[in-house]
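Undergrad:
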Amino acid sequence: MKSILISSIIFVNLLYSNVQNNNILNLTPKDIKFIKASPKKGEIVKRLKSYKEFKEDILKNKDQYSPYKQLSRTNSFFNNILSKNDEESDIGDDHWATRKEFLFKGYGDCEDYAISKYFTLKDIGFDPKKLYMMVVQVKGRLTYHMVLGYFPTKDSTPLILDNLSFKVVPLDKRKDLEVLYIFNEYSDYLMKNNKLFKRTKINWQGNNKWKKLLYRIYKNKE
């Protein structure tokens with residue numbers, strides 16, 4: 059136990075020393091202080107270390123890893139983080155976590171998984187205009203669910219990254235999902251026959267969680 063604690067402290071200090079040197083999560087002095095004070099410091103450090111290694115491996119081997127493999131690895135990495143029951147919260151009401159907050163907590167709702175996957179794929183070189191947050195209804199569930207969709211082209215059926223499944227498959231293979239609407243940093247869309255149909259404007263009912271999330275991310279460079 060003592061050796062694990064020492065290793066955690068050393069790793070946190072190394073992370074701190076890299077804050078101003080292209081740190082992979084842009085950890086701030088405030089973040090480091092939070093980690094050091096956390097009773098779950100060892101768990102946080104382990105997740106950050108795993109994320110750092112995962113992301114560096116993808117970037118190092120992009121020429122060897124197909125886009126599908128990069129999608130699958132990203133989906134699997136985050137799906138190994140503990141999920142909360144989607145019915146504990148509603149997509150419109152709960153807190154949408156940044157990738158950093160999600161890794162710090164070590165658990166989250168469906169939107170936290172989708173958000174973290176979106177920004178990770180963006181970081182490793184995927185075109186964000188081809189990545190969409192997708193609000194869906196899952197057959198047999200009363201609440202809404204969120205997944206991430208990757209559209210290789212505008213006319214293609216998206217590949218689905220879902221915290222409920224470790225397999226990345228085309229939307230037409232997910233008969234359990236009914237898409238309500240999709241959005242990213244650039245546009246909102248409705249879908250028809252598993253493809254982009256027409257632009258829309260989402261009614262956030264006075265509480266645009268997505269806009270607030272983007273503001274926090276870009277303000278804090280997360």
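Residue numbering for the sequence shown follows our numbering, beginning at 59 and increasing consecutively. The C-beta atom is built at its ideal place from N, Cα and C for all residues, glycine as well.
How about Thr156 and Glu280: are their beta carbons less than 8 Å apart?
TA: Contact flag set, yes.
Undergrad: Which partner residues of Pro123 appear in the DSSP bridge assignment?
TA: Checking the sequence, you will find Tyr at residue 123 rather than Pro. Tyr123 pairs with nothing; no bridge assigned.
Undergrad: Quick one: give me the first and last residue of the alpha helix (DSSP H) that Asp220 is part of.
TA: Membership of Asp220 in any alpha helix (DSSP H) is not indicated; the residue belongs instead to the beta strand (DSSP E) covering Leu217 to Asp220.
Undergrad: Quickly, what does DSSP pair Ile240 with across the bridge? List them, please.
TA: Met192 and Tyr247
Undergrad: Does the beta-carbon of Glu169 have 16 or more other beta-carbons within 10 angstroms, so that it is buried, or is it exposed?
TA: buried
Undergrad: Is it buried or exposed, Lys225, if we count other Cβ atoms within 10 angstroms and call 16 or more buried?
TA: exposed
Undergrad: Just reading off the beta strand (DSSP E) that Gly207 is part of, what are its end residues?
TA: Residues Tyr202 to Tyr208.
Undergrad: Is it true that the CB of Pro228 sits closer than 8 Å to the CB of Leu217?
TA: Taking 8 Å as the Cβ cut-off, Leu217 and Pro228 qualify as a contacting pair.
Undergrad: Do the CB positions of Ile186 and Asn266 come within less than 8 Å of each other?
TA: According to the sequence shown, residue 186 is Pro rather than Ile. Contact flag unset, no.
Undergrad: Using 8 Å as the threshold, is the region 242–252 in touch with the region 194–202, meaning 3 or more CB pairs across them?
TA: no
Undergrad: Look up Phe112 in the DSSP assignment and say whether it is helix, strand or coil.
TA: helix
Undergrad: Any idea if Arg232 is buried or exposed, counting beta-carbon neighbours within 10 angstroms, 16 or more meaning buried?
TA: buried
Undergrad: So Asp152 and Asp167 are in contact, right, with Cβ under 8 Å, and what is the actual spacing, rounded?
TA: That pair is a contact at about 6 Å.
Undergrad: Is it buried or exposed for Gly207, if we count other Cβ within 10 angstroms and need 16 for buried?
TA: Taking all protein chains in view, the Cβ of Gly207 is crowded by 16 or more other Cβ atoms within 10 Å, so the residue is classified as buried.
Undergrad: So the alpha helix (DSSP H) Ser174 belongs to, where does it begin and stop?
TA: Cys168 to Asp181
Undergrad: Going by DSSP, what residues sit across from Ser223 in a beta bridge?
TA: Looking at the DSSP assignment, Ser223 forms a beta bridge with Asp220.
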